[in-house]
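Here's the structure, in structure tokens; my notes come after.
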Amino acid sequence: MNERLTNLGIEGTALVVRKVDEKGEITKEIAGEYSGQQLKELIGLIDELEVNLSILSRRAVNIKSFLTEKYDKEDRFPTISATLKGETHFFHTEKQFTEFCQQAEARYGHIEVDDGTGSNGQCEESHAETPQTEQTRPTCIIVRTDMSEVAGINRIAQILGETYYFMIKDYFRDWEENVAGQVLPTRFSLKLEEGEMRDIPNIPSIPRMIREYGSAGIEIKRFKGLGEMNPEELWSTTMDPCQRSMQRVTISEEPDDPAQYQIDIRETDRIFSILMGESVEQRRNFIETHATEVKNLDV
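Per the numbering used here, numbering through the sequence shown is continuous, rising by one, with the last residue being 335.
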């Protein structure tokens with residue numbers, strides 16, 4: 037549905053991006069104007085960015101602080117986090133993380149690096165069943181998290197900056213007024229086919245406002261299942277052979293290879309069992325791991 041609304045929204049429209057002066061204030065000069073396929077690709081990038089930031093947020097990372105304070109000289113965001121004594125630290129490289137561990141060991145004594153499954157990064161005595169000596173017993177545990185989604189954030193941020201002249205602070209901009217109460221120019225505007233300009237305050241609002249424009253005059257209904265539809269809607273949307281479309285699902289790309297075919301069948305059954313089974317934890321882990329691979333998700 038989002039793809040359809042996007043296609044409708046970009047038809048005959050263009051996104052206008054205004055320049056920013058040395059003081060960081062938005063000017064009336066145009067930095068770029070994007071329409072058609074280029075605008076559609078931009079919306080796809082922002083959608084992907086939102087998915088990655090959502091995953092990062094579920095790791096209890098403050099998104100605003102992360103995006104505005106944690107980037108390095110090359111505007112790259114850190115991919116490693118480490119929690120020690122309840123405080124989270126971020127690192128761009130393995131070297132930085134190793135140096136942090138060495139500093140912690142010099143300060144607290146013997147440390148242990150945990151993958152995050154068994155500790156909250158608190159300094160404490162070990163209570164393992166296996167006896168440990170004073171030399172091997174960790175006095176401090178560092179919980180490390182490899183944030184794989186940040187690779188996607190870095191890639192998208194680079195494209196947005198180099199191709200579309202976006203800035204990190206554009207993500208958090210809002211409507212602003214001068215002392216007279218007049219609304220100041222926004223960084224983005226949607227130029228409509230008839231020449232009207234609709235201001236857009238920030239990056240997350242771009243896909244939403246374009247889809248809102250594309251949905252004008254369209255009534256959207258969502259049902260949890262076919263049983264919620266009345267007979268007329270069920271016929272017109274699903275049962276009518278003239279309206280419905282059939283899509284083939286291929287289990288294996290190598291059906292002529294018996295061994296590979298059996299492997300693909302077992303893998304399909306495994307994934308189906310995870311997604312439809314009773315284990316909520318397995319299903320959640322699967323969704324979080326593969327969230328960035330999803331396309332055409334209707335939420």
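Glycine included, every Cβ here is placed at the ideal spot set by N, Cα and C. Model, not experiment: these values are computed from the prediction.
In whole angstroms, what separates the C-alpha of residue i from that of residue j?
i           : j           : result
residue 191 : residue 276 : 44 Å
residue 202 : residue 196 : 5 Å
residue 137 : residue 147 : 8 Å
residue 279 : residue 134 : 60 Å
residue 317 : residue 47  : 42 Å
residue 321 : residue 45  : 34 Å
residue 251 : residue 41  : 6 Å
residue 271 : residue 264 : 13 Å
residue 324 : residue 91  : 7 Å
residue 80  : residue 326 : 17 Å
residue 96  : residue 178 : 17 Å
residue 198 : residue 106 : 20 Å
residue 293 : residue 234 : 56 Å
residue 165 : residue 145 : Any reading at residue 165 must be qualified, since the residue scores a pLDDT of 49, below 50, and its modelled position is unreliable; no value is offered.
residue 328 : residue 143 : 39 Å
residue 61  : residue 224 : 13 Å
residue 239 : residue 129 : 28 Å
residue 308 : residue 37  : 24 Å
residue 285 : residue 39  : 21 Å
residue 248 : residue 255 : 12 Å
residue 100 : residue 74  : 27 Å
residue 290 : residue 302 : 14 Å
residue 121 : residue 175 : 11 Å
residue 127 : residue 295 : 44 Å
residue 63  : residue 56  : 6 Å
residue 288 : residue 181 : 34 Å
residue 312 : residue 104 : 39 Å
residue 86  : residue 132 : 28 Å
residue 230 : residue 67  : 22 Å
residue 76  : residue 210 : 23 Å
residue 253 : residue 269 : 18 Å
residue 283 : residue 298 : 23 Å
residue 1   : residue 241 : Outside the displayed range of the chain (37 to 335) lies residue 1, so it cannot be described from this structure.
Can you tell me whether residue i is buried or exposed, with buried defined as 16 or more other CB within 10 angstroms of its CB?
i           : result
residue 305 : exposed
residue 266 : exposed
residue 262 : exposed
residue 274 : exposed
residue 140 : buried
residue 220 : exposed
residue 160 : Reliability fails at residue 160, whose pLDDT of 47 lies under 50, so the model's placement of it is uncertain and the value that follows must be treated cautiously. Per the 10 Å Cβ criterion, exposed.
residue 245 : buried
residue 228 : exposed
residue 232 : exposed
residue 110 : exposed
If you follow the alpha helix (DSSP H) that residue i is part of, which residue opens it and which one closes it?
i           : result
residue 326 : 316-326
residue 199 : 185-200
residue 41  : 38-46
residue 270 : 267-270
Comparing alpha-carbon positions, which option in the options lies nearest residue i?
i           : options               : result
residue 189 : 178, 207 and 180      : 207
residue 193 : 311, 82 and 49        : 82
residue 65  : 52, 299 and 113       : 52
residue 200 : 230, 312, 257 and 50  : 50
residue 150 : 63, 90 and 118        : 118
residue 212 : 236, 120 and 102      : 236
residue 226 : 60, 106, 72 and 102   : 72
residue 94  : 80, 183 and 257       : 183
residue 84  : 106, 187 and 176      : 187
residue 102 : 110, 125, 121 and 120 : 125
residue 59  : 205, 231 and 288      : 205
residue 330 : 43, 88 and 57         : 88
residue 43  : 243, 232 and 257      : 243
residue 123 : 112, 131, 98 and 216  : 98
residue 116 : 185, 218, 300 and 216 : 185
residue 54  : 217, 222 and 108      : 222
Start and end of the beta strand (DSSP E) containing residue i?
i           : result
residue 64  : 62-71
residue 119 : 116-120
residue 148 : 147-150
residue 3   : This structure does not reach residue 3, given that the chain is present from 37 up to 335, and the question cannot be answered.
residue 181 : 176-182
residue 216 : Segment: none, residue 216 is in no beta strand (DSSP E) and carries neither H nor E.
residue 210 : Note, residue 210: premise wrong, no beta strand (DSSP E); not H, not E.
The ligand PLP and residue i: does the residue's C-beta get closer than 6 Å to at least one heavy atom of that ligand?
i           : result
residue 191 : This structure simply doesn't include the ligand PLP, nor any ligand for that matter.
Query - Entirely enclosed alpha helix (DSSP H) segments - the region 274-318, minimum 4 residues - result: 294-312
Query raised in the report: Hey, which unbroken runs of the alpha helix (DSSP H) at 4 residues or more fall wholly within the region 83-134?
Result: 99-105
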